[in-house]
Every structure is written in structure tokens, then in C-alpha cells.
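Here is the structure we will look at.
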Amino acid sequence: CCERCPLSFHLHCLDPPLKEVPKSKRWYCPNCSNPLANSLDKIIAARPLTAPSDAAGAGSRSTKYEFYVKHKDRPYRDCTWVSDATLEAAAKVSQGIRAKLNNFRNKPGQAVYLEASSVSVSASTAAIHCG
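Structure, rendered in C-alpha cells:
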């Protein structure tokens, strides 16, 4: 059992799988041990790290994004940019983050995607544009 939440896991279902119960006094599940999985409140906006190629087309999955996120119990001025890879890693261990990421990606009318030219925009300026 996780020391922080009520979840229990089969040892072989963990990633990576464990062969035996950890001998340490405290063990935390993947969800509780990932700082972003515990702190993410909402995804506010996204911006491409590089402009999409003409062959791939706009919005292609080959384009890597950076996401502007709000953290739980933190004001909007403390929002941060998080890489696509970091958010995907947190989504692997947190169904809540997976749902937020899927909802953001699948609702183009509500999701805010910044232009490639705004990649150099500071976090405080982006917060003004993103709401």
C-alpha cells in the first residue's frame, strides 16, 4: 500500500514491475511520487516548441508542445511551462492528468494554442493572454 494515499498495487502491474515488496519503511505509489501528478490543477495553454513542418501539417502529433499549467493551491502568477514529455510522464501514472491532457487536446475550440512566434513570451505575459 502507498503511504500517502489509499491505493494498492499488484507488484507486477507497476512500471517498472517489482519482484518483492520494498523493504523501506515508506513506499509511495507512482501517482504520489510524481510531483506534477500531485500538483497539476489545469492546463491553460500550449505552444509549439518548433514550428510545424509543411509535410506534417499544423497540429501534427510530431510537433512537440510545451504546456502552460496551473498548480493546485498556487496563484495564477505561479503558473509554469511544462514540456510535453514531462506532462506525458505524469499522465502515465495519473488518470486525472491523462483526462486533463486528453480534454485539452480534443477540444480545439476551448484549448488555447499560442502561435510559434510567442515561444519567447514570458510566463507572466502568457498568463495575461491565456486567462
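Everything in the sequence shown is counted per the numbering used here, starting at 8 for the first residue and increasing by one. All C-beta atoms in this analysis are idealised placements derived from N, C-alpha and C, irrespective of residue type, glycine included. Since the model is a prediction, treat every value here as computed from it, not as a measurement.
Whole-angstrom distance between residue j and residue i, CA atom to CA atom
i	j	result
CYS39	ASN110	22 Å
GLU73	ALA97	14 Å
VAL89	SER101	16 Å
VAL76	LYS99	17 Å
ALA193	TYR120	Since the first and last residues shown for the chain are 8 and 138, residue 193 lies out of range.
LEU21	CYS9	12 Å
LYS49	ASP91	14 Å
ASP85	LYS26	40 Å
LEU94	LEU14	22 Å
ARG11	ASN45	11 Å
Residue environment, residue i, which counts as buried when at least 16 other CB atoms sit within 10 Å
i	result
CYS36	buried
ASN113	exposed
PRO42	exposed
PRO82	exposed
Nonlocal neighbours in the same chain, by C-beta distance under 8 Å from residue i, ignoring five residues either side
i	result
ASP61	Per-residue confidence for ASP61 stands at a pLDDT of 49, beneath the threshold of 50, marking its modelled position as unreliable; no derived number is given.
Beta-carbon proximity list for residue i, same chain, < 6 Å, skipping 5 on both sides
i	result
LYS107	ILE50
Residues near residue i by beta carbon distance below 7 Å, same chain, minus five either side
i	result
PHE16	CYS36
Residues sharing a beta bridge with residue i, DSSP
i	result
LYS51	Correcting the residue identity first, residue 51 is Ile in this sequence and not Lys. None, per the DSSP bridge assignment.
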